[in-house]
Each structure stands twice: as structure tokens, then as C-alpha cells.
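**Q** Numbering (the working numbering), first residue to last: 17 to 278. C-beta: ideal position from N, C-alpha, C; glycine also.
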């Protein structure tokens, strides 16, 4: 190195590089950025070589590589760009997945904000169900395609943001009605209880074009699901007590239908 090359202490270098001294020491501990020069007091000095290495580190960090991955790339004896070219497709996949995860998190924040602004009766049961549904939407879409046609499944998961928010509000209004009925001790065999189950069906199918096709596929799906061992249950907005109440209404409606059909 030339004698005129500027060198800096770790404090001076950190200010110019806009990094903390702690970060630079951490890089040194990892063996990622070790200054080769020292002053008369034995303190390490940073020069142009360290600046170039730091720029490499920051560039690769921007691409989403971990510090250990960066260390492997920059210290590999083979052509680093050959290694980089091999790893970029995987890195692209990871970043795309992170982007999709962030988009889902942003959507979740916006939907919860909307419900709170509208004064919706949110409980932890409701919130857990909503966030699970958003976080695992792709998994649920694939699960639904196992039992329903792709067209039906896509209709459930291709609604615009405003319609999804409206559905959230309508479902919470429906849930509030269920809670109020249970508080009043309404019988599952009553017309009022029947109405609330009909309302749920309407809410669940209002955005499906071919409701007859959905009904047919739903019947087949129920038969398939009953024959399989379901080892996991998706969170719902209902408490166990509310689920039991809705099931009782369904059984009462089915019994009444069978009775009238005889």
C-alpha cells in the first residue's frame, strides 16, 4: 500500500461508513472484516482495502445474504461470481417468500385496523382466526382445491381488499348475533336460531357465482373429509360453546327437513 493511503481508527471508520463500532467489532469476530494494519499502540487501522471489503459485505447484505453466507462467498477460493451465480436463484426464492410474507402481514395489519376503526367486537379468538387465515391463505387455498373445483376455490380467495374487509365486518356482526342469542338462552330448535344459520350460509356463499355447484361439491367434500383423519383443525371465530350451539342448530334443521320430507 502507498504511504499516502488514508487509514482510520475503528471509531473514525465507523463514522465514515455509518456503522457502529459494535458492528465492526462483530464483523471482526466473525472473521468477515479484519483490518491488516495497526498503529504504534497496536490498534487496528482501516484503509481502502477494508472499505472495499465492507462495500462487498453491504452489497450482499442488501441481496439478503446472511453474514455467514457472505463470509463463504467472499472467502471462497473459486471465482466468487461463479458461486454467486449459483446461489442467486435460491436467494431470489427466499426473498420472494419474505416479500409475500410481508405483504400478508401488511394486509393483516390493515384489516385489523379497519375492524378496530369500525368498532367491531374483536376478541382474541376472532383475532387469532383472522390472522391464521391471512398467514396461511395459500395453504388453505391448496387444501380447498383438494375438495372443491379450482374455480370455486379461487372465487373464495380472489376477492379485492374492500370486499374482504366487508366480509370481516359481516361475519363479526353475525357472531355478535350468535352471542346475543346464547346469552338469551334461545333454543337451537327455534326459527330465530334457524335464521342465524341461514345467514351464515348466505355469508359464506354470497361471492360464489354457481351456488348449486358449490352445494354439490360441499356435499362430496363432507363425505371425503369424514372418511379421512383430520389431525388438525383450523382456528375459527367461534368458541367451543358457540361451535356446539351452531352444530345443534344444524342438527335441528336437518331433523326438521327429514321429518317434512317423509
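Please report the straight-line C-alpha distance between residue 146 and residue 115, rounded to a whole angstrom.
**A** Looking up residue 146 in the chain shown gives position 130. Looking up residue 115 in the chain shown gives position 99. Rounded to whole angstroms, residue 146 to residue 115 spans 20 Å at the Cα level.
**Q** Among the candidates 77, 173 and 273, whose CA atom is the shortest distance from the CA of residue 153?
**A** Translated into the one-based positions of the chain shown, residue 153 becomes position 137. That would be 173, whose Cα lies nearest to the Cα of residue 153.
**Q** To the nearest angstrom, how far is it from the Cα of residue 47 to the Cα of residue 102?
**A** Taking the first residue of the chain shown as position 1, residue 47 is located at position 31. Taking the first residue of the chain shown as position 1, residue 102 is located at position 86. If you take the alpha carbons of residue 47 and residue 102, they lie about 23 Å apart.
**Q** If I'm right that residue 279 touches residue 219 with Cβ under 8 Å, what's the distance once you round it to whole angstroms?
**A** Nothing can be reported for residue 279: it is not among the residues displayed for the chain, which extend from 17 to 278.
**Q** Could you check whether residue 49 and residue 26 sit closer than 8 Å to each other, using their CB atoms as the reference points?
**A** For the purposes of this step, residue 26 is taken as the residue at position 10 of the chain shown. For the purposes of this step, residue 49 is taken as the residue at position 33 of the chain shown. No, these two residues do not count as a Cβ contact at 8 Å.
**Q** Could you have a look at residue 246 and say whether DSSP puts it in helix, strand or coil?
**A** Within the chain shown, numbered from 1, the residue matching residue 246 stands at position 230. Unreliable placement is indicated for residue 246, whose pLDDT of 48 sits below 50; the coordinate value is still reported in the next sentence. Note: residue 246 maps to coil in three-state DSSP.
**Q** Would you grab the beta carbon distance between residue 202 and residue 208 for me? Rounded to a whole angstrom, and I think it's under 8 Å.
**A** Within the chain shown, residue 202 is the residue found at index 186, counting from 1. Within the chain shown, residue 208 is the residue found at index 192, counting from 1. Right, the Cβ-Cβ distance comes to about 6 Å (below 8 Å), so this counts as a contact.
**Q** Give me, in chain order, the residues of the same chain whose beta-carbon lies closer than 6 Å to that of residue 111; leave out the 5 immediate sequence neighbours on both sides.
**A** Residue 111 sits at position 95 when you count from the first residue of the chain shown. Cβ neighbours of residue 111 beyond the five flanking positions: 80.
**Q** Going along the chain, which unbroken runs of the alpha helix (DSSP H) with 4 or more residues stay wholly within the segment 46-120?
**A** Listed in chain order, they are 64-78 and 83-91.
**Q** Return the first residue and the last residue of the alpha helix (DSSP H) that residue 207 is part of.
**A** Walking along the chain shown from the start, residue 207 turns up at place 191. Residue 207 -> alpha helix (DSSP H) spans 207-221.
**Q** If I'm right that residue 171 touches residue 225 with Cβ under 8 Å, what's the distance once you round it to whole angstroms?
**A** Position 155 of the chain shown holds residue 171. Position 209 of the chain shown holds residue 225. Between residue 225 and residue 171 the Cβ distance is about 7 Å, and since that is below 8 Å, they are a contact.
**Q** Starting from the C-beta of residue 32, find all residues in its chain whose C-beta is less than 8 Å away, skip the five residues before and the five after it, and write them out in chain order.
**A** For the purposes of this step, residue 32 is taken as the residue at position 16 of the chain shown. Closer than 8 Å at the Cβ level, and outside the excluded window around residue 32, lie 24.
**Q** Just list the residues that DSSP pairs residue 172 with in beta bridges.
**A** Position 156 of the chain shown, counting from 1, holds the residue named residue 172. DSSP, once it has assigned bridges, lists no residue as partnering residue 172.
**Q** Provide the residue(s) that pair with residue 24 in DSSP beta bridges, ordered along the chain.
**A** Along the chain shown, read from residue 1 onward, the residue named residue 24 stands at position 8. Beta-bridge pairing links residue 24 to 62.
**Q** What does the Cβ neighbour count give for residue 127, buried or exposed, with the cut at 16 atoms within 10 Å?
**A** Here residue 127 refers to the residue found at position 111 when the chain shown is read from its first residue. Classification of residue 127: buried, given that the 10 Å Cβ count is 16 or more.
**Q** Return the Cβ separation of residue 262 and residue 254 in integer angstroms, given the expectation that the two are a contact with Cβ distance under 8 Å.
**A** Position 246 of the chain shown, counted from the start, is the residue given in the question as residue 262. Position 238 of the chain shown, counted from the start, is the residue given in the question as residue 254. Sure, about 7 Å apart at Cβ, within 8 Å.
**Q** For residue 169 and residue 100, I'd like the C-alpha separation in whole angstroms.
**A** For this step, residue 169 is matched to residue 153 along the chain shown. For this step, residue 100 is matched to residue 84 along the chain shown. Each residue's Cα considered, the two are about 39 Å apart.
**Q** Return the CA-CA distance between residue 129 and residue 108, expressed in angstroms with no decimal places.
**A** In the chain shown, residue 129 corresponds to position 113, counting from 1. In the chain shown, residue 108 corresponds to position 92, counting from 1. Taking the straight line from one Cα to the other gives about 31 Å.
**Q** Please name the residue in 235, 212 and 106 whose C-alpha comes closest to that of residue 192.
**A** Position 176 of the chain shown, counted from the first residue, corresponds to residue 192. With distances taken between Cα atoms, residue 192 lies closest to 212.
**Q** What does the alpha-carbon distance come out to for the pair residue 77 and residue 132?
**A** By one-based count along the chain shown, residue 77 stands at place 61. By one-based count along the chain shown, residue 132 stands at place 116. One C-alpha to the other measures close to 37 Å.
**Q** Can you tell which of 73, 276 and 199 has its C-alpha closest to the C-alpha of residue 43?
**A** Translated into the one-based positions of the chain shown, residue 43 becomes position 27. For the residues 73, 276 and 199, the minimum Cα distance to residue 43 belongs to 73.
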